[in-house]
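Numbering (the working numbering), first residue to last: 56 to 168.
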């Protein structure tokens, strides 16, 4: 996709779809585990609808969700064209792009409502 400089300037001045301030605090004195695997974060929203939109955005931005989408669309493109779209980049055999369980993904698995 190509953009000219005027388009990029116009796009950069538009408001973002979802934006917020993130306040992070350092570890409290006496905390024994600084890098916990089950780290939890607390988010505050004004309405429940706003919270649901944020949760959905965070889930869609996760590595797992994007990987599922990549695998689904790769499978669909391969089914329609007969060619592997990742082959041209030399990464088609990498395990991270494979469906580990052998199940075919459906759009329902990759998209959240």
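We put the CB at the ideal spot given by N, CA and C, even for glycine.
With at least 16 other beta carbons inside 10 angstroms of its own, residue 127 counts as buried. Residue 129 carries a helical assignment under DSSP once its states are collapsed to helix, strand and coil. Secondary structure note for residue 110: its alpha helix (DSSP H) is the uninterrupted segment 103–115. Where residue 60 is concerned, the enclosing alpha helix (DSSP H) starts and stops at 60–67.
Sequence-distant Cβ neighbours of residue 120 in its own chain, meaning closer than 7 Å and more than five residues away, are 114.
Nearest Cα to residue 151 within the set 112, 104, 122, 107: 122. Cβ atoms of residue 140 and residue 132 come within 8 Å of each other, at about 5 Å. Taken through DSSP and simplified to helix, strand or coil, residue 98 comes out as coil. Annotated three-state conformation of residue 138 is coil, per DSSP.
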